[in-house]
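In the UniProt record's numbering, the protein residues as written are 1 to 616.
Glycine included, each C-beta is placed from N, C-alpha and C at the ideal position.
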């Protein structure tokens, strides 16, 4: 993963879209600019967003050069609530770093050295405190120093190339392994160069600030001898690669295009149960799908639509999923001759924030050619007709999990590996969906239609993934003759007979009371339901429903009759049979109503007879 992050960082640097080495795009702006002259200063209030030096500090006192929080840069202790008791120590660390900067061989520009001297003079003599705006400054406000005269007048000193070079050397010292670990130089595991190796990675920002990689137990550093060696051992990575990987990681984490929250508890931000996906695409050229051409950013948006975030119940599935499903059926090729899809890659990391470090839960890498095939199979397996039979559409991973109310992190990772790597879907998703499908309010409340469709999609995915039925069972299949599926269809037929007999004027149907029993013990349940329908409902409905009932019962006899008990996989097929048959009934009613509204006359005769053509 580090190798791919470094490659990404180098590509972003070549395009000028990555912050400078050792810098970070903070969420807090620079609030104050201290304009300095040889014997005076001027405080200017501002709201300036600029990348600044960053070493990932949390509670430790470690200063940044020529820009920092006011507690460091000016020794301000004032806060919105209370006082920063460590402001004095912070300010001493800031001034010590400035003196180290002046003594550094990296700083040779006379004009720069003179300007840094003005800053030190202003801090030592209290010139800043004499400014009338000083009392408005708070400890957490970011401050930057700018010369008021000379060749660098109006320029932020922390952005000077020599200051940046000093800061990189300082960061390398702060992250280097100590002598106690033995030889701290060696071949970098990423670039292969023989260089000093870091003891800890520069920190990155996912939820809170933490290192991407660290060692906290001697068992992790068996290549070194001694007790307590984990505190001093190197990670096998040079500073340049570590910093590049950290900046690339933070770039991904700050980008809505490259980040999706999979599971998140706002009450426990650093819990390991939280999961965030970071992903990117490595493509050296645009990709042509059929007649359409996509640049890497547009293509990434499409292939990541499977990761669409949770939606409100009243929202339709994301529009890009059907578009992606259509494009996946077309041939793909790089626009430039001489390239092939195997040279393009998709990378995805599933991460959990933690207090000590960021935990990598899973790492997925796949070529674009294989990704296309895997996504095509996944979207085909999740495509299913809507509850009212209007359209067939695929479902996103978040939609499946949201419908099943599944919070198990392993289900999330299992679905991601299914979608992107082509692995089998997790059976636990089927179990969760079966349990939700039994709830009467889910099946009967029109507002829960989105959930029923997503649950049926999840069941179809787990039951038929990798089989021909994954493609053909997106709607009612009159040829599918497994007994569990037929039992589900039968329950929907009996419900339709009950609804027609009551002219669709019912608040509750047999499904509310008997779905759970029928889906687990069909042999003990359907006898009574069929007798009830024969006496009370079937005489009142059209011949088509009676014929369909007889056809399904005949197919059940050929399949071995009513099963005594249905296993969880069979209950999933039962649910699909029920869902498909009910959607088929509703679709035909909708089409008939539309025909009546347009044509009148003959449609009314059909409606009065209660008969319609039904798939048998």
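- Provide the residue span of the alpha helix (DSSP H) that contains residue 380, from first to last. Here residue 380 corresponds to residue number 380 of the chain shown, with the count starting at 1. Element bounds for residue 380: 368–382.
- Mind checking which residues open and close the alpha helix (DSSP H) that includes residue 437? Residue mapping note: residue 437 aligns to position 437 of the chain shown, counting from 1. Element bounds for residue 437: 427–437.
- CB-CB under 7 Å to residue 483, same chain, minus the five flanking residues each way: which ones, in chain order? Your numbering for residue 483 matches position 483 in the chain shown. If you ignore the 5 residues before and after residue 483, its C-beta comes within less than 7 Å of the C-beta of 556, 559, 560 and 563, all in its own chain and listed in chain order.
- Query: Considering only residues of the region 139–182, which uninterrupted beta strand (DSSP E) runs meet the minimum length of 3 residues and lie entirely inside it, listed in chain order?
  - Reply: 142–147
- Task: Identify every residue that forms a DSSP beta bridge with residue 35.
- Result: Taking the first residue of the chain shown as position 1, residue 35 is located at position 35. 42 and 146.
- For residue 33, which residues of its own chain have a beta-carbon under 6 Å away from its beta-carbon, when the five flanking residues on both sides are left out? Position 33 of the chain shown, counted from the first residue, corresponds to residue 33. Correct list, in chain order: 44, 46, 144 and 146.
- Task: Identify every residue that forms a DSSP beta bridge with residue 385.
- Result: On the chain shown, residue 385 is found 385 positions in, with the first residue counted as 1. Paired residue(s): 392.
- Message: Quick check: the Cα distance between residue 254 and residue 278, rounded to an integer number of angstroms?
- Response: In the chain shown, counting from the first residue as 1, residue 254 sits at position 254. In the chain shown, counting from the first residue as 1, residue 278 sits at position 278. The alpha-carbon atoms of residue 254 and residue 278 are separated by roughly 10 Å.
- Message: Measuring only the C-alpha atoms, how far is residue 275 from residue 405?
- Response: Along the chain shown, one-based indexing puts residue 275 at 275. Along the chain shown, one-based indexing puts residue 405 at 405. Residue 275 and residue 405 have their C-alpha atoms some 16 Å from each other.
- Give a yes or no on contact between the region 90–106 and the region 1–20, applying the rule of three or more CB pairs nearer than 8 Å. The region 90–106 is not in contact with the region 1–20.
- Message: Under DSSP, the alpha helix (DSSP H) around residue 674 begins and ends at which residues?
- Response: Examination of residue 674 is not possible in this model, given that the chain is present from 1 through 616 alone.
- Does the distance from the CB of residue 400 to the CB of residue 379 come in under 8 Å? The count along the chain shown starts at 1 and reaches residue 400 at position 400. The count along the chain shown starts at 1 and reaches residue 379 at position 379. Contact: no.
- Query: From residue 433 to residue 574, what does the alpha carbon distance come to, in whole angstroms?
  - Reply: Against the chain shown, residue 433 aligns to sequence position 433. Against the chain shown, residue 574 aligns to sequence position 574. Taking the CA atoms as reference points, residue 433 sits about 12 Å from residue 574.
- Message: With a threshold of 8 Å, are at least 3 pairs of Cβ atoms found where one atom belongs to the region 571–591 and the other to the region 357–374?
- Response: Output reads no: the region 357–374 does not touch the region 571–591.
- Measure the C-alpha to C-alpha separation of residue 167 and residue 48 and round it to an integer number of angstroms. Here residue 167 corresponds to residue number 167 of the chain shown, with the count starting at 1. Here residue 48 corresponds to residue number 48 of the chain shown, with the count starting at 1. Their backbone Cα atoms lie some 21 Å apart in a straight line.
- Query: Do you know how far the Cα of residue 501 is from the Cα of residue 444?
  - Reply: What you label residue 444 is simply residue 444 of the chain shown in a count that begins at 1. What you label residue 501 is simply residue 501 of the chain shown in a count that begins at 1. One alpha carbon belongs to residue 444, the other to residue 501, and they sit about 18 Å apart.
- Message: Please identify the residue among 307, 597 and 440 whose C-alpha is closest to the C-alpha of residue 418.
- Response: As a working mapping, residue 418 is identified with position 418 in the chain shown. It is 307.
- Query: How many Å lie between residue 390 and residue 589 at the Cα?
  - Reply: Locating residue 390 in the chain shown gives position 390, where the first residue counts as 1. Locating residue 589 in the chain shown gives position 589, where the first residue counts as 1. Distance between the alpha carbons of residue 390 and residue 589: 11 Å.
- Message: Beta-carbon within less than 6 Å of residue 369's beta-carbon, same chain only, minus the 5 sequence neighbours each way: which residues are those?
- Response: On the chain shown, residue 369 is found 369 positions in, with the first residue counted as 1. Cβ within range, chain order: 341 and 342.
- Between which two residues does the alpha helix (DSSP H) carrying residue 342 extend? In the chain shown, counting from the first residue as 1, residue 342 sits at position 342. Note, residue 342: premise wrong, no alpha helix (DSSP H); not H, not E.
- Query: From this set, 201, 366, 337 and 583, which residue's C-alpha is nearest residue 492's C-alpha?
  - Reply: Residue numbering aside, residue 492 sits at position 492 when the chain shown is read from its first letter. Closest option to residue 492, Cα to Cα, is 583.
- Query: Between the Cα of residue 173 and the Cα atoms of 208, 197, 163 and 191, which residue gives the shortest distance?
  - Reply: Within the chain shown, numbered from 1, the residue matching residue 173 stands at position 173. That would be 197, whose Cα lies nearest to the Cα of residue 173.
- Message: Between residue 1 and chain B, is any beta-carbon pair separated by less than 8 Å?
- Response: The structure shown contains no chain B; it is built from a single protein chain.
- Message: Using a Cβ-Cβ cutoff of less than 8 Å, which residues in the same chain neighbour residue 131 once the five nearest sequence positions on both sides are dropped?
- Response: Against the chain shown, residue 131 aligns to sequence position 131. Result list for residue 131: 41, 42 and 43, in chain order.
- When the distance is taken between beta carbons, is residue 510 closer than 8 Å to residue 457? Within the chain shown, residue 457 is the residue found at index 457, counting from 1. Within the chain shown, residue 510 is the residue found at index 510, counting from 1. For residue 457 and residue 510, no; Cβs fall outside 8 Å.
- Query: Looking at the unbroken alpha helix (DSSP H) that takes in residue 209, where does it start and where does it end?
  - Reply: Locating residue 209 in the chain shown gives position 209, where the first residue counts as 1. Taken as a continuous stretch (DSSP letters only), residue 209 belongs to no alpha helix (DSSP H), being part of the beta strand (DSSP E) at 209–211.
- Item | residue 291 (DSSP reduced to helix, strand or coil) | Walking along the chain shown from the start, residue 291 turns up at place 291. Coil, per DSSP.
- Pick from 403, 424 and 238: whose alpha carbon is nearest that of residue 439? Along the chain shown, one-based indexing puts residue 439 at 439. When each option's Cα is compared against that of residue 439, the closest is 403.
- Message: At the level of alpha carbons, what is the spacing between residue 453 and residue 160?
- Response: Start at 1 with the first residue of the chain shown, and residue 453 comes out as number 453. Start at 1 with the first residue of the chain shown, and residue 160 comes out as number 160. Straight-line Cα distance between these residues: approximately 58 Å.
- Do the region 188–205 and the region 1–8 make contact, defined as three or more Cβ pairs closer than 8 Å? The answer is yes - the region 1–8 touches the region 188–205, with three or more Cβ pairs under 8 Å.
- Rounded straight-line distance, which links the Cα of residue 394 to that of residue 431: As a first step, residue 431 must be located in the chain shown, where it is residue number 431. As a first step, residue 394 must be located in the chain shown, where it is residue number 394. Cα-Cα distance, rounded: 20 Å.
- With which residues is residue 617 paired in a DSSP beta bridge? Here the chain has residues from 1 to 616 only, and residue 617 is not among them.
- Note the first and the last residue of the continuous beta strand (DSSP E) segment covering residue 263. Translated into the one-based positions of the chain shown, residue 263 becomes position 263. It spans 259–263 - the beta strand (DSSP E) in which residue 263 sits, taken as one unbroken run.
- Message: Here's the rule: buried if 16 or more other CB atoms are within 10 angstroms of the residue's CB, otherwise exposed. What is residue 504?
- Response: As a first step, residue 504 must be located in the chain shown, where it is residue number 504. Looking at its Cβ environment, which holds fewer than 16 other Cβ atoms inside 10 Å, residue 504 is exposed.
- Cβ-Cβ distance between residue 578 and residue 489 below 8 Å: The residue given as residue 578 occupies position 578 in the chain shown. The residue given as residue 489 occupies position 489 in the chain shown. In this structure, residue 489 lies closer than 8 Å to residue 578 by Cβ.
- Message: Which same chain residues end up closer than 6 Å to residue 448 when comparing Cβ atoms and leaving out the 5 residues on each side of it in sequence?
- Response: Along the chain shown, one-based indexing puts residue 448 at 448. Taken in chain order, the residues that qualify are 442.
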